Amino acid sequence: MKFDVLGIEAFVSVAEQGSFSRAASHLNVSQTAISHRLRKLEQSLDLQLFNRTTRQVTLTEAGADLFPKARALMGDFEQQLSHVRARHRDKTEELAFACMPTIAVHILAPVFKEFRRREPNAHVRLFDKSATEIGETVSSGRAEFGIAILAANRWNLTAEPLFTDDYVCICPKSHPFVGRTSVSWADLVDMPLVRSTPSIANRIILDGALGARAERYRWDFEVQHTMTALMLVQAGLALALVPRLSSRQLPKGLAVVDLRGPRITRTVGLLRRRNEQPSRLAREFQDALRQHFHS
Numbered sequence: 269m270k271f272d273v274l275g276i277e278a279f280v281s282v283a284e285q286g287s288f289s290r291a292a293s294h295l296n297v298s299q300t301a302i303s304h305r306l307r308k309l310e311q312s313l314d315l316q317l318f319n320r321t322t323r324q325v326t327l328t329e330a331g332a333d334l335f336p337k338a339r340a341l342m343g344d345f346e347q348q349l350s351h352v353r354a355r356h357r358d359k360t361e362e363l364a365f366a367c368m369p370t371i372a373v374h375i376l377a378p379v380f381k382e383f384r385r386r387e388p389n390a391h392v393r394l395f396d397k398s399a400t401e402i403g404e405t406v407s408s409g410r411a412e413f414g415i416a417i418l419a420a421n422r423w424n425l426t427a428e429p430l431f432t433d434d435y436v437c438i439c440p441k442s443h444p445f446v447g448r449t450s451v452s453w454a455d456l457v458d459m460p461l462v463r464s465t466p467s468i469a470n471r472i473i474l475d476g477a478l479g480a481r482a483e484r485y486r487w488d489f490e491v492q493h494t495m496t497a498l499m500l501v502q503a504g505l506a507l508a509l510v511p512r513l514s515s516r517q518l519p520k521g522l523a524v525v526d527l528r529g530p531r532i533t534r535t536v537g538l539l540r541r542r543n544e545q546p547s548r549l550a551r552e553f554q555d556a557l558r559q560h561f562h563s
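In the numbering used here, the protein residues as written are 269 to 563.
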């Protein structure tokens, strides 16, 4: 039997996440692709690995027997790839990492300056990607590490928190909310709101924090990018709920109001491949990054 890397990876992810949709999100593939990979694996093994119902996915006896072995197998495979990467990486003097655009725009400039002071000849390749894409970029080896929202991460990555960012309400300066110290979620019930599409990490965080209460609100718009949401606010069509970091450079005519009851936060940090030692350049950059937040 051929070694089905994609099938085993899909199996491990679904077993860990307990859901086809969450596994698909963390592997940055479609749910159809996850189902296809698992079906091929089950056919090649001639075994059913999951019990599937409309509400939950659970391991069969065969799946429970395979799971620890498959996870160890994928860990060993990734570790061997990491050794090969590490053996050849430092020779190139290139640092490749992934980062959310909002982090790159609002935080990285002083970090880059400090890193350039330490490593004036290093070449930097930055993958500015969404939070959901960063895990896959790091896991695949295209980036040595990532700076992203720390939620439920892939099995082969480790996470190190850097800072916590709370969500705020963005509204036009003419809105009655402006001038208040804060607004509560109860204040937003009858307001037209804009939110991210379901695959975006910020949407996942808000939905998780609000639970069933999310359906009380008027979600008139769903968008992919924060700037699109701010454009809708600027036009007076909706209010936006975004991380505070995204509100540092607002378009003209917009204001920030603190959001409470409940206060919702996200944690941003470093994602690295498990069991892999960082390159010299990665250590220098990560040290400069930590220094920025701790100074």
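Note that beta-carbon positions come from the ideal geometry of N, C-alpha and C, so glycine has one too.
As the structure is a prediction and not an experimental result, all values here were calculated from the model.
Endpoints, alpha helix (DSSP H) assigned at residue i
i	result
Asn-319	That residue, Asn-319, is in no alpha helix (DSSP H); its beta strand (DSSP E) goes 318-320.
Leu-473	Note that residue 473 is Ile in the sequence shown here, rather than Leu. It spans 469-478 - the alpha helix (DSSP H) in which Ile-473 sits, taken as one unbroken run.
Ala-508	Where Ala-508 is concerned, there is no enclosing alpha helix (DSSP H), although the beta strand (DSSP E) it sits in stretches over 507-511.
Ser-303	299-313
Arg-551	548-562
Arg-386	376-386
Ala-278	273-285
Glu-483	Per DSSP, Glu-483 belongs to no alpha helix (DSSP H) and is neither H nor E.
Ser-464	That residue, Ser-464, is in no alpha helix (DSSP H); its beta strand (DSSP E) goes 460-464.
Own chain, CB closer than 8 Å to residue i, minus 5 neighbours either side, in chain order
i	result
Gln-316	Glu-310, Thr-328, Ala-330 and Gly-331
Pro-511	Thr-370, Asp-433, Asp-434, Tyr-435, Val-436, Asn-470 and Arg-534
Leu-425	Gly-403, Val-406, Ser-407, Leu-539, Arg-540, Arg-541 and Arg-542
Status (buried if at least 16 other CB within 10 Å, exposed otherwise) for residue i
i	result
Gln-554	buried
Lys-397	buried
Leu-505	exposed
Ala-556	buried
Ser-368	Note that residue 368 corresponds to Met in the displayed sequence, not to Ser. That one is buried.
Arg-541	buried
Glu-483	exposed
Gly-537	buried
Ala-497	buried
Ser-514	buried
Ser-563	exposed
Ala-454	exposed
Thr-494	buried
Ala-503	exposed
Nearest-angstrom Cα separation, counted from residue j out to residue i
i	j	result
Ile-472	Ser-442	30 Å
Ala-283	Pro-519	44 Å
Glu-446	His-374	Contrary to the premise, residue 446 reads as Val rather than Glu in this sequence. When rounded, the distance between both Cα atoms is 24 Å.
Ala-523	Gly-479	27 Å
Ser-452	Ala-477	14 Å
Gly-409	Gly-403	10 Å
Val-640	Ile-276	Any question about residue 640 goes unanswered here, given that the chain covers just 269 to 563.
Glu-382	Glu-544	25 Å
Phe-318	Thr-300	16 Å
Ala-340	Arg-307	21 Å
Asp-344	Val-297	23 Å
Leu-461	Ala-399	22 Å
Lys-337	Val-491	41 Å
Ala-550	Gln-347	18 Å
Val-489	Gln-285	Note that residue 489 is Phe in the sequence shown here, rather than Val. Whole-angstrom Cα-Cα distance: 29 Å.
Ala-416	Gln-559	18 Å
Arg-516	Leu-274	41 Å
Arg-531	Leu-456	14 Å
Leu-376	Arg-305	38 Å
Arg-422	Phe-335	15 Å
Residues of its chain near residue i, where Cβ-Cβ distance is below 6 Å and the 5 sequence neighbours each way are ignored
i	result
Gly-414	Ala-366, Ile-402, Val-406 and Leu-539
Ile-302	Ala-278, Phe-288, Ala-291 and Ala-292
Leu-430	Val-536, Gly-537 and Phe-561
Contact set for residue i: own chain, Cβ-Cβ below 7 Å, skip 5 residues either direction
i	result
Ser-287	Val-325
His-391	Glu-361 and Glu-362
Arg-528	Ser-450 and Ser-452
Proximity test, Cβ basis, 8 Å: residue i and chain B
i	result
Phe-561	Protein chain content of the structure displayed is limited to a single chain, and chain B is not contained in it.
Integer Cβ distance of residue i from residue j, believed to fall under 8 Å
i	j	result
Asp-458	Arg-486	7 Å
Val-525	Ser-450	7 Å
Arg-386	Glu-552	5 Å
Glu-251	Pro-546	This structure cannot speak to residue 251, because the chain is shown only from 269 to 563.
Leu-509	Leu-474	7 Å
Leu-295	Ser-281	6 Å
Ile-438	Val-501	5 Å
Pro-440	Gly-521	6 Å
Unbroken beta strand (DSSP E) run spanning residue i, endpoints
i	result
Glu-362	362-367
His-493	His-493 -> no beta strand (DSSP E), and no H or E assigned at all.
Val-446	Neither: Val-446 is in no beta strand (DSSP E) and is coded neither H nor E.
Gly-414	413-417
Thr-533	533-541
Contact test: residue i Cβ vs the ligand NAD heavy atom, cutoff 7 Å
i	result
Glu-544	No copy of the ligand NAD occurs in the structure displayed, which carries no ligand at all.
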